[in-house]
Structure formats: C-alpha cells, structure tokens
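What follows is a set of notes on a single structure, which appears directly below.
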Amino acid sequence: MSPATPLPWHAAIIDLDGTMVDTVGDFDAALNRTLAELDQPAIQRAFIERTVGKGSEHLIRRTLAEVGAPAELYEAAWAAYQRHYRHINGAHSAVYSGVLEGLQALRARGLRLACLTNKPGEFARELLARKGLDGHFEVVFGGDAFERKKPDPLPLLRTCEALGTAPAQTLMVGDSSNDCQAARAAGCPVVLVRYGYNHGEPVEASQPDRVIDRLDALLQP
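Below, the structure is given as structure tokens:
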C-alpha cells in the first residue's frame, strides 16, 4: 500500500507473545524454576511453544499435567510462577525483526494502536516498557482485564470500545488461532504472523485474511 492509499482500518489491536516479542525463553525459565522449586521434573521448550497463548492459568495446569504432578500443586505452582516470572520478565526474550518498524509505520499512517494479550497485564506492561515498545500503544490490556480471554471475542470488543473504533475498522494482528477466532467472532479483520506460537499448527489453517512474515510487511501490497 502506498502512503497515499487510504487504509481500510482506523486502528489495530496487536497481540504480544509470539507476535511482537519472542518470549519462549522467559516462559522456559519461569516454568522450570517453578517446577524445580516444587521438586518436579523439567519441561521441554517444545511443549511450551505448543502450549502458550491461552493465559497463565492454562499454561500452569497443562505443565503440571505434562510432568505428572498432582493437580493439588496448582496454587503453589501459581504463586511460584508469578514470583519467578516477575523476576525474569524480558530477560530471555527478544523483539522480532520488523516489529518496531511496523509499529512506527502504522502510527505514521494515523492508526490508533492497542496491545491485547492473554499475558497478565502487569507482566505485559513491564515487558513492553523493557523492550522499548510501550510508547506506541494508547491502551494495553492483559488477560486479567476482562471476564474472559481470547479466543472469546469480549476482549476485542472491549478494546474497540476503549479505542472508540468499530470492530469492522479495527484490525487484529496476532500469531495464533486464538487471535483469529476472537477476531472473527468480534467482527474484526485479522492478519496473522507466520513465526509465532500456534499450538504446533500452521497459521494458514485458521484462515485469516492474510499471513505475513514480518510486522513491517503489513502495509505492503
């Protein structure tokens, strides 16, 4: 799209983990420190890549089940995980190539930007600040901001309300079927990045409007 071409969107809602920042290293460190504290075996990174994206509660429950730990350990695991993640947040993660340039290009075209993630809001805001991305977003909503998380459409609809834009004119950019399902149910157009975490499935299977290899390719034809 040339700078003179009017965009079909007034705003963009952008996911965080797997879309803007590769955070598997943070999850790996926090989860395995938690498991070690609870005298449980370590978890493999490949499992984490397949499992992240549906919120911390889901990740911890699935991790405990994967290592054969009793479900009764959940409360202790939750507390330990929050403590460890808070300590290492951003230390083992990296911004994907093209993200900063993509955000700058979207803002230069006049789009209002929101970050919407299933990560707890405190951790999301800290991570964006530590990676120098926080100044691009008018609002940041985590998985604890609303009654339900993606793939439910509620977080997208509430984010559109906060931005003051109609869903049909608010683009969702994510990396997984969660993002695509939520966008379709909310009435938002949706673009997925190919490189993120999609539960081991190709993002094309979710049938988004478009798949891109870098965020800064979003405004290209």
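Under our numbering, the first residue of the sequence shown is numbered 486, with each subsequent residue one higher. Where a beta carbon is used, it is the ideal one built from N, C-alpha and C, also for glycine.
Among the options, the one whose alpha carbon lies nearest that of residue i
i	options	result
Thr519	Gly659, His569, Leu677, Pro555	His569
His495	Trp563, Arg699, Asp664, Leu591	Leu591
Leu596	Ile499, Asp694, Arg695	Ile499
Phe532	Ser691, Leu700, Gly685, Gln705	Gly685
Ala702	Ala670, Leu585, Thr650, Ala647	Leu585
Tyr559	Arg535, Glu522, Asn574	Glu522
Val625	Lys634, Pro636, Ala609	Ala609
Thr504	Thr655, Leu601, Pro640, Asp629	Leu601
Val506	Pro555, Arg615, Asp637	Arg615
Gly575	Lys539, Arg535, Asp502	Asp502
Three-state class that DSSP yields for residue i in the structure shown
i	result
Asp694	coil
Cys600	strand
Ala576	coil
Val552	coil
Asp714	No answer is possible for residue 714: it lies beyond the span of the chain, which begins at 486 and ends at 706.
Glu607	helix
Pro491	coil
Arg615	helix
Gly620	helix
His684	coil
Arg546	helix
Ala651	coil
Exposure of residue i, with buried meaning 16 or more beta-carbon neighbours within 10 Å
i	result
His621	buried
Gln525	buried
Ser661	buried
Gly583	buried
Gly587	buried
Ala668	buried
Ala599	buried
Ala690	exposed
Pro706	exposed
N-terminal and C-terminal residue of the beta strand (DSSP E) that residue i is part of
i	result
Ala496	496-499
Leu677	675-678
Phe626	624-626
Limits of the unbroken alpha helix (DSSP H) element including residue i
i	result
Thr655	Looking at the DSSP string, Thr655 is not in any alpha helix (DSSP H); the run it does join, the beta strand (DSSP E), is 655-659.
Pro640	639-648
Thr519	509-522
Gln589	584-593
Asn663	662-671
Paired residues, beta bridge with residue i - DSSP
i	result
Val537	Its beta-bridge partners do not exist; DSSP assigns none.
Asp502	Val506
Near the ligand MN: residue i beta-carbon under 6 Å from a heavy atom
i	result
Gln529	The ligand MN is absent from the structure shown, which contains no ligands of any kind.
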